[in-house]
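I have placed the structure first, in the form of structure tokens, so that the comments after it can refer back to it.
In this note's numbering, the protein residues as written are 15 to 428.
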């Protein structure tokens with residue numbers, strides 16, 4: 015069947031899952047599909063999902079591979095249920111409609127229920143400065159457990175109902191008095207060890223009922239951020255915060271999601287000051303999320319963030335040769351809360367190595383392909399479950415010890 019207009023995978027191009035025996039001997043999975051017959055066909059994109067619905071539009075699909083004019087791909091032996099779909103693309107990078115979804119279920123693993131849901135209920139009175147908790151209920155079948163994530167960080171796993179944020183007495187959730195602030199409470203439901211549903215609720219805990227409220231209400235307090243210096247010109251820079259908050263004011267400085275330090279006296283600066291003005295600092299090439307959280311009498315009343323892009327230094331090394339390039343590919347499913355990595359490929363010649371920079375900080379050097387963010391097994395990148403947040407992953411390519419190109423990408427882990 016031939017489809018006109020933009021490339022489309024027709025009904026005849028269904029994806030089939032075939033088990034084939036590897037020589038090692040372990041079982042491997044081969045995806046096969048009927049060839050698209052368009053004259054301008056360039057190849058195929060393979061997408062992978064770890065949950066249903068599996069589609070590009072639902073946000074659950076991650077590109078697994080980019081292929082040429084082939085009609086099969088061996089994807090190894092997943093340990094958990096995986097879903098696959100393919101699209102065709104042409105030389106102008108126009109992409110076809112999606113194929114049907116192929117499902118792989120490891121031997122001995124029951125399929126997840128299609129109708130699994132989870133509901134969250136806030137217990138107690140967090141907005142009144144009283145103890146509180148969150149309880150989850152689910153209709154998931156099989157051996158059920160829930161992961162409790164607090165502000166993007168895995169806190170603990172609940173194996174027995176009731177499923178509670180801060181523990182229970184066997185029949186009801188234990189309520190806890192938490193500090194003033196906003197809490198993103200997420201429960202991920204697992205059936206037989208496989209995630210089948212997740213749900214989030216945002217809880218705002220007010221100040222304790224005893225102490226006086228902050229001098230300036232959170233809704234009235236503001237923070238303004240100003241970039242000092244010239245980061246985009248490869249020059250030293252900083253960020254200065256100003257605020258209208260009253261009382262005893264301090265600011266927490268967070269860089270790329272990590273608390274760096276607290277400023278107790280104005281001027282409130284990212285990298286220190288001389289008493290009257292911010293000190294500018296030459297930072298490595300990369301993207302920096304600079305966040306200032308304003309506290310009045312120890313209670314947060316406002317926050318603001320700004321993204322600063324620092325370019326390479328203006329002087330020093332020569333610009334990279336025009337022929338050297340580096341491409342970055344995300345491996346795994348960071349947006350689905352699954353393990354992930356980033357792999358780099360390059361056409362650089364000579365003795366090649368790569369420096370891996372994470373959120374503007376040098377992490378390690380890769381001397382042998384594959385060039386991976388978090389290590390490899392000799393042939394493929396090792397994927398790692400990272401805390402929720404934004405990661406600026408930068409690879410700097412060196413040829414015979416001299417940098418010839420660099421590339422960065424931002425990965426959002428959920």
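The beta carbon of each residue, even a glycine, is placed where N, CA and C say it ideally should be.
The structure presented is a predicted model; accordingly, all values stated were derived computationally and were not measured.
Would you give the residue range spanned by the beta strand (DSSP E) that residue i belongs to?
i: residue 205; result: 195-205
i: residue 147; result: 146-152
i: residue 423; result: 416-427
i: residue 373; result: From DSSP, residue 373 is part of no beta strand (DSSP E); its letter is neither H nor E.
i: residue 264; result: 263-269
i: residue 138; result: 132-138
i: residue 390; result: That residue, residue 390, is in no beta strand (DSSP E); it is neither H nor E in DSSP.
i: residue 63; result: 55-63
i: residue 341; result: 340-346
i: residue 323; result: 313-324
i: residue 100; result: 96-104
i: residue 208; result: 208-219
i: residue 276; result: 272-277
i: residue 116; result: 116-118
i: residue 164; result: 158-164
Going by beta carbon distance, what residues of the same chain come within less than 8 Å of residue i, once the five residues before and after it are set aside?
i: residue 219; result: 140, 141, 143, 146, 192, 193, 194, 195, 196 and 197
i: residue 324; result: 245, 246, 248, 251, 297, 298, 299, 300, 301, 302 and 374
i: residue 349; result: 73, 76, 426, 427 and 428
i: residue 185; result: 176
i: residue 71; result: none
i: residue 393; result: 384
Can you tell which of the options has the C-alpha that lies nearest to the C-alpha of residue i?
i: residue 360; options: 370, 339 and 349; result: 339
i: residue 243; options: 272, 264 and 285; result: 285
i: residue 294; options: 253, 309 and 156; result: 253
i: residue 322; options: 413, 239, 371 and 113; result: 239
i: residue 203; options: 65, 418 and 348; result: 65
i: residue 372; options: 342, 381 and 406; result: 406
i: residue 52; options: 416, 110 and 161; result: 110
i: residue 423; options: 376, 171, 341 and 392; result: 341
i: residue 262; options: 320, 313 and 241; result: 313
i: residue 304; options: 271, 287, 292 and 280; result: 271
DSSP on residue i, reduced to helix/strand/coil?
i: residue 185; result: coil
i: residue 74; result: coil
i: residue 247; result: helix
i: residue 296; result: coil
i: residue 413; result: strand
i: residue 408; result: strand
i: residue 355; result: strand
i: residue 303; result: strand
i: residue 46; result: strand
i: residue 240; result: strand
i: residue 175; result: coil
i: residue 86; result: strand
i: residue 122; result: coil
i: residue 367; result: strand
i: residue 142; result: helix
i: residue 349; result: helix
i: residue 286; result: coil
i: residue 382; result: coil
i: residue 191; result: coil
i: residue 309; result: strand
i: residue 360; result: strand
i: residue 68; result: coil
i: residue 260; result: coil
i: residue 252; result: strand
i: residue 109; result: strand
i: residue 79; result: strand
Suppose the cutoff is 6 Å on Cβ atoms and the five residues either side in sequence are ignored; what does the same chain contact list for residue i look like?
i: residue 149; result: 135, 137, 176, 178 and 187
i: residue 117; result: 97
i: residue 58; result: 81, 100 and 102
i: residue 259; result: 230, 235, 308, 310 and 315
i: residue 86; result: 44 and 46
i: residue 152; result: 132 and 203
i: residue 343; result: 357
i: residue 212; result: 202
i: residue 115; result: 68, 97 and 99
i: residue 379; result: 367 and 369
i: residue 210; result: 126, 130, 154 and 203
Would you grab the beta carbon distance between residue i and residue j for me? Rounded to a whole angstrom, and I think it's under 8 Å.
i: residue 255; j: residue 282; result: 4 Å
i: residue 367; j: residue 309; result: 44 Å between Cβ atoms; not a contact.
i: residue 120; j: residue 94; result: 7 Å
Between residue i and the rest of its own chain, which residues show a CB-CB distance below 7 Å, the 5 nearest in sequence each way excluded?
i: residue 164; result: 197 and 199
i: residue 453; result: One cannot answer for residue 453 here, as it falls past the ends of the chain, which runs 15 to 428.
i: residue 274; result: 267 and 268
i: residue 414; result: 364 and 365
i: residue 166; result: 198, 401, 402 and 403
i: residue 49; result: 85
i: residue 237; result: 255, 257, 306, 308, 316, 317 and 318
Quick check: is the beta carbon of residue i nearer than 7 Å to any beta carbon in chain C?
i: residue 421; result: Looking for chain C here will not work: only one protein chain is present.
Does at least one heavy atom of the ligand SAH sit under 6 Å from the Cβ of residue i?
i: residue 82; result: With respect to small molecules bound, the structure shown includes none, and the ligand SAH cannot be examined in it.
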